[in-house]
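A short worksheet on the structure shown next.
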Amino acid sequence: MMDLFSTWFFSLIFFCFVVFRGTSGATFTFLNNCDYTVWPGILANSGSPKLETTGFSLEKGTSRSLQASTGWSGRFWGRTSCNFDGSGQGSCLTGDCGSGQIECNGAGATPPATLAEFTLGSGNQDFYDVSLVDGYNLPMVVEGTGGIGTCAATGCVTDLNRSCPTELRVGEGEACKSACEAFGTAEYCCSGAFNTPTTCKPSVYSVMFKTACPRSYSYAYDDATSTFTCTGADYIITFCPSYGNSQKSSTDPPPRTTEPTTDDAGNVGTTTGPQVVPNEMGSSTTNSATETSTIGSSEGEAGGVMLADSAWIAGLATGDSTRAISDLLQSTLIAITTATTTMLILPMFHNLY
């Protein structure tokens, strides 16, 4: 009888962890590994509640944690080279949200900016990615902790500012624009006639981003190798992650990079000599031969999922979390658990009396 009770009890505990842990949402911990201060910005999607802050200062070597409820969706980014006065008024050189304050107050990042995007599902199935679609301003890695499933780390360890083509470069190399931001054409922006996965293809610039950071979004329809899932996790967002400090990053030293060459038409070419050969997290080794990179593999990266018609991006834009366990399924599971519990408990009372 005790064996039966133990089996039932521990099965119930595990089930409750998987189904009900979502009521507490997730904890986001921001870690600044840069050798300068970063000002994280936070934007909740439409319909999602604001977190306790929408922007704050994070000095080098420090961290801060924020709690988000189940169903929350939104994005985080790092602002750099900011100048705020004692009252919190000011602006930032990269990632500025235009609020004129440390708090972004519902405003998003001005491109270019490296973005971490999340949707915390109502059934505790979370979706997340690191996007370079709006350009790049600093290295960032996202890691899930304490979750169930693959919970793969994603992001970009490589400093793309060092190898940014001249036509995409901001200022003295403080950030690197996306091709859409730099040129504004429908082909680069996946808009108009190019607003489908069939017509919008990776450009030479997005290929460059993908080669350096294989797990990050490089263009709008890069879902296959860039979107990841986890159940019941908390998340660490690290700015300027060290080579080797991520579970998924390489222990190799920082890569030697050469600036891509461009022809008269502005197309990115390859250079001879040492080339960057990235691993799955964007940390790299070098090879004396010129390397060829492919993206959008149907196999994808560990933990990646293919989402048709860029539904992930649409979900983030609207705050919809349709990939979580549905309310009907959750209710069904609760009903099954209740029935099973009743069937197990009744014989116990029958034997006792």
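Just so we're aligned: the sequence shown equals residues -25 to -1, 1 to 328 in mature numbering (1 follows the signal peptide of the UniProt record, and there is no 0). The C-beta atom is built at its ideal place from N, Cα and C for all residues, glycine as well.
Residue i vs residue j beta-carbon contact at 7 Å
{"i": "Ser48", "j": "Thr4", "result": "no"}
{"i": "residue 388", "j": "Ala150", "result": "There is no way to answer for residue 388, as the model of the chain reaches only from -25 to 328."}
{"i": "Ala88", "j": "Asp101", "result": "no"}
{"i": "Thr45", "j": "Gly(-1)", "result": "yes"}
{"i": "Tyr103", "j": "Phe203", "result": "yes"}
{"i": "Val111", "j": "Leu135", "result": "Checking the sequence, you will find Tyr at residue 111 rather than Val. Contact: yes."}
{"i": "Val105", "j": "Thr129", "result": "yes"}
Boundaries (first-last residue) of the alpha helix (DSSP H) holding residue i
{"i": "Ala84", "result": "It is not in any alpha helix (DSSP H) - Ala84 carries neither H nor E in the DSSP assignment."}
{"i": "Phe158", "result": "154 to 158"}
{"i": "Phe169", "result": "First-last for Phe169: undefined, no H or E at that position."}
{"i": "Ala187", "result": "179 to 187"}
First and last residue of the uninterrupted beta strand (DSSP E) at residue i
{"i": "Glu118", "result": "115 to 120"}
{"i": "Thr204", "result": "203 to 206"}
{"i": "Tyr210", "result": "209 to 214"}
{"i": "Glu92", "result": "90 to 95"}
{"i": "Phe102", "result": "100 to 106"}
{"i": "Cys164", "result": "No beta strand (DSSP E) holds Cys164; the alpha helix (DSSP H) holding it covers 161 to 164."}
{"i": "Cys131", "result": "129 to 131"}
Residue i - partner residues in DSSP beta bridges
{"i": "Ala195", "result": "Looking at the DSSP assignment, Ala195 forms no beta bridge with any residue, so it has no partner."}
{"i": "Phe5", "result": "Arg39, Ile212"}
{"i": "Phe59", "result": "Gly65"}
{"i": "Phe51", "result": "Ile17, Ala91"}
{"i": "Tyr111", "result": "Cys151"}
{"i": "Gly70", "result": "Note: Gly70 sits in no beta bridge, so no partner."}
{"i": "Gly46", "result": "Paired residue(s): none; Gly46 is not in a bridge."}
{"i": "Ile123", "result": "Thr206"}
{"i": "Arg144", "result": "Cys151"}
{"i": "Gly30", "result": "Gly16"}
CB-CB length for residue i against residue j, believed under 8 Å
{"i": "Leu90", "j": "Arg50", "result": "5 Å"}
{"i": "Ser191", "j": "Ser201", "result": "6 Å"}
{"i": "Gly53", "j": "Ser66", "result": "Incorrect: roughly 15 Å between the Cβ atoms, too far for contact."}
{"i": "Trp14", "j": "Leu33", "result": "7 Å"}
{"i": "Leu107", "j": "Ser193", "result": "6 Å"}
{"i": "Cys9", "j": "Lys35", "result": "6 Å"}
{"i": "Tyr196", "j": "Leu143", "result": "In fact, because the Cβ distance is near 20 Å, the residues do not count as touching under 8 Å."}
{"i": "Ala127", "j": "Leu95", "result": "At roughly 17 Å, the Cβ-Cβ gap does not stay under 8 Å, so Ala127 and Leu95 are not in contact."}
Sufficient close CB pairs (3 or more, under 8 Å) joining the segment 157 to 164 to the segment 197 to 213: Taking a cut-off of 8 Å on C-beta distances, the segment 157 to 164 does not touch the segment 197 to 213, as fewer than three cross pairs fall below it.
The segment 18 to 28 contacting the segment 62 to 69, beta-carbon criterion three pairs below 8 Å: Short answer: they don't touch.
Given 8 Å, three or more beta-carbon pairs between the segment 75 to 83 and the segment 115 to 135: The answer is no - the segment 115 to 135 does not touch the segment 75 to 83, with fewer than three Cβ pairs under 8 Å.
Touching by the beta-carbon criterion (3+ pairs, under 8 Å), the segment 169 to 176 and the segment 64 to 75: Judged by pairs of C-beta atoms under 8 Å, the segment 169 to 176 does not touch the segment 64 to 75, as fewer than three such pairs exist.
Cβ contact (3+ pairs, closer than 8 Å) linking the segment 22 to 40 and the segment 185 to 197: Flag = no, the segment 22 to 40 and the segment 185 to 197 do not touch.
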